[in-house]
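Residue numbers (my numbering): 45 to 801.
Note that the Cβ used here is the ideal one computed from N, Cα and C, for glycine as well.
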Ligand code: PEP
Ligand code: MG
């Protein structure tokens, strides 16, 4: 039986559905009319709508053909029957003999035993299953591709009805449709803190208002036009070779272009239009399918490709609807929680800090730079939350728990109250920490530990006074470059450094020279194409190759510190020669300033960051030359384990609280002592109580922390007996260690010692 032979085919059905959607009838009447229409149009004896409920079950909401008494009575478990299978797999199932399928389950109240053929399609929106639409026939028949397609299109129209919330009036309390259900999502904590607020999508979804086509030919033409303009945009971007444009990288563009010319993808969208959808609705349907597949995909490569397809569909949607990617940044609500697939640190800094409370990412690792910026801004952040952008709608109430890594969407009142209480409790804790502010950080056995701050923005400066930190142990100068629209002039750099030194007063500040490259991109700077940017042309390598940039920065630093003390260090040093050359640039600038009669800093200390494992084996040579060393454990650990800190597939795979890392760190601090040169550590490792415990046990006496970590770390250190901790750590490092992580051993030690974590 062909669809065309049926009563008018899919397009007529869609037009009739549009009329029913507009009728002023109750939700139940509307659903009842819809199932009658679909059954008639598809020449099926049965058409039923099952809606996914908040409790995860599927409830029969309307039927033509099955017993009417079963409506709102028949409830199917998530692992039950063919309907459950369609919902779980988010894929159509078409069978000519349903009863012989192993998943078939028989419900006597429905009277469905006489129907042999079964076609079920998921009711999908943004890749999420909202329900299942089923047609059944008494005769054994095979549903055609065209019919499956048509039913999916119809399901899309139903999805909009479900999403509108209209069906909630038909539900008993606690059994509402799942579309707006409360969700508890779990991910990885990226930045400590708890935030209650409302969802802002970093990339706003395109809103489609017109689903049903009046003129199919016209819609095909619209799609054709949109696709070719997308294709030519991508071609131009690639031939122009201007990769800075929009921040895209060449390989992403290449992948995009491949899909933009992909016949399968285009064909699917054309087919969807043929069933009666507008061009934009067709794109959305295909995108929703892609997202559904993405969620079930565990192969990272395939996931990436599906992401690319999803991005491409979004571009097409914007073309078709004329909705620009106008960011929500300008219309940010109070207590905004930004939800994004991923973003770079500069994009986060673009948001109005006074309204931004939290961040939820589908990707992102704890030491990625966006996480560091989130911590600098003091906002709660959680990463690796699967499909976060597909599960929320703009304006949804949301809670981000940057301690446990949990995210609550549309939370129940009791959850919300519990969090309000948690926030109060944290505020009380913070007040206690503030009381410790002026107390020197001396351990129980009399060891003095210097706690410094990591900073990089003007907003960080009040933290010095608030935390009582001893100074700034790492000032990330690149953040100013990342938020700017063009290269900051020497005078602008000077202004910032001067403000930082003024805010710090007598307390020391260690400026790190520009550390760009890797994931720290400057949108206005042309970068070379790199296979592995983290291992590439970045930090001091770039600074030495483009000495103009580094010299201008050094000049700004020397002038800002006129008459004061200046400490600066170079990032990502790999060889002694690099350090010598960078230091020579400082000498050169000093001579220049002296010659022009400028006041010079009263004292200058120059150091290096230890982030590249090769330096571990050049420590004696290096320590002879530097005034101090600062270990950048974020990079050092990623290089030691060869695990990209920003890649969520590997970022958490290896524990930094482990024998190899701690052995390396012990070696560094011991060589520092032997040479009488101070060694500090400024990676995120020091900002975690267990990390700080390990470091102090190894002999580190200067730690540079995220502002929010100063209170908790100080409170832990005041209670610490370093001798016992040192004994334990050495014992663990000195014996054969087939198990790499020693986190549990340190946690057990902390528990018996009564240390607060
Ligand atoms: C580090 O690598 O540990 C570090 C402090 O530098 P950044 O995180 O800015 O790369
Ligand atoms: Mg680093």
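- Not one heavy atom of ligand 2 sits closer than 8 angstroms to the Cβ of residue 573.
- By the 16-neighbour rule on beta-carbons within 10 angstroms, residue 457 is exposed.
- Taking the Cβ of residue 688 as the reference point, every heavy atom of ligand 2 lies at 8 angstroms or farther away.
- Counting along the chain, the unbroken beta strand (DSSP E) around residue 494 starts and ends at 494 to 499.
- In this structure, DSSP gives residue 569 a state outside helix and strand, which the three-state scheme calls coil.
- Straight through space, the alpha carbons of residue 134 and residue 175 are spaced by roughly 9 angstroms.
- For the 9 angstroms CB-CB criterion, residue 166 and residue 130 form a contact.
- Shown in chain order are the residues whose CB sits closer than 6 angstroms to a heavy atom of ligand 1: 416, 518, 520, 559, 655, 676, 677, 678, 679, 726, 727.
- Not a single heavy atom of ligand 2 lies less than 8 angstroms from the C-beta of residue 613.
- Distances taken from the Cβ of residue 616 to the heavy atoms of ligand 2 include one shorter than 8 angstroms.
- Look at residue 526: its beta carbon is at least 8 angstroms from all of the heavy atoms in ligand 2.
- Collapsing the DSSP output to three states places residue 722 in coil.
- When the five nearest sequence neighbours on each side are left out, the beta carbons in the same chain lying within less than 6 angstroms of the beta carbon of residue 344 are those of 693, in order along the chain.
- Burial state of residue 118 is buried, judged by a 10 Å Cβ sphere holding 16 or more other Cβ atoms.
- Nearest to residue 718 by alpha-carbon distance, out of 668, 736, 754, 414, is 668.
- Shown here, residue 609 sits in a strand according to DSSP, grouped into three states.
- Using a C-beta cut-off of 8 angstroms, the region 556 to 567 makes contact with the region 600 to 613, since at least three inter-stretch Cβ pairs fall below that distance.
- Where residue 144 is concerned, there is no enclosing beta strand (DSSP E), because DSSP gives it neither an H nor an E.
- The secondary-structure analysis by DSSP pairs residue 653 across a beta bridge with 674.
- If you draw a straight line from the Cα of residue 277 to the Cα of residue 360, it comes to about 11 angstroms.
- Classified as buried, residue 750 has 16 or more neighbouring CB atoms from the shown chains inside 10 Å of its CB.
- The region 505 to 577 is shown to contain whole beta strand (DSSP E) runs of 3 or more residues at 516 to 520, 553 to 556, in chain order.
- Annotated three-state conformation of residue 445 is strand, per DSSP.
- At least one heavy atom of ligand 2 sits closer than 8 angstroms to the Cβ of residue 653.
- Beta-bridge pairing by DSSP links residue 181 to 161.
- Distance between residue 683 and residue 656, taken at the CA atoms: about 7 angstroms.
- Taking C-alpha positions only, residue 392 is separated from residue 780 by approximately 44 angstroms.
- Beta bridge pairing from DSSP links residue 702 with 785.
- For residue 121, the number of other beta carbons within 10 angstroms of its own is below 16, and it is reported as exposed.
- Three or more beta-carbon pairs separated by less than 8 angstroms link the region 664 to 678 to the region 723 to 735, which places the two stretches in contact.
- The residue from 266, 598, 333 with its alpha-carbon nearest to that of residue 535 is 598.
- Boundaries of the beta strand (DSSP E) harbouring residue 748: 746 to 749, taken from the DSSP string.
- Just so you know, the alpha carbons of residue 523 and residue 262 end up roughly 49 angstroms apart.
- For residue 420, no beta strand (DSSP E) segment is defined; the enclosing uninterrupted segment is the alpha helix (DSSP H) at 413 to 421.
- Residue 531 holds the alpha-carbon nearest to the alpha-carbon of residue 594 among 531, 649, 246, 571.
- Inside the region 46 to 91, DSSP marks whole alpha helix (DSSP H) runs of 4 or more residues at positions 53 to 66, 71 to 85, from first to last along the chain.
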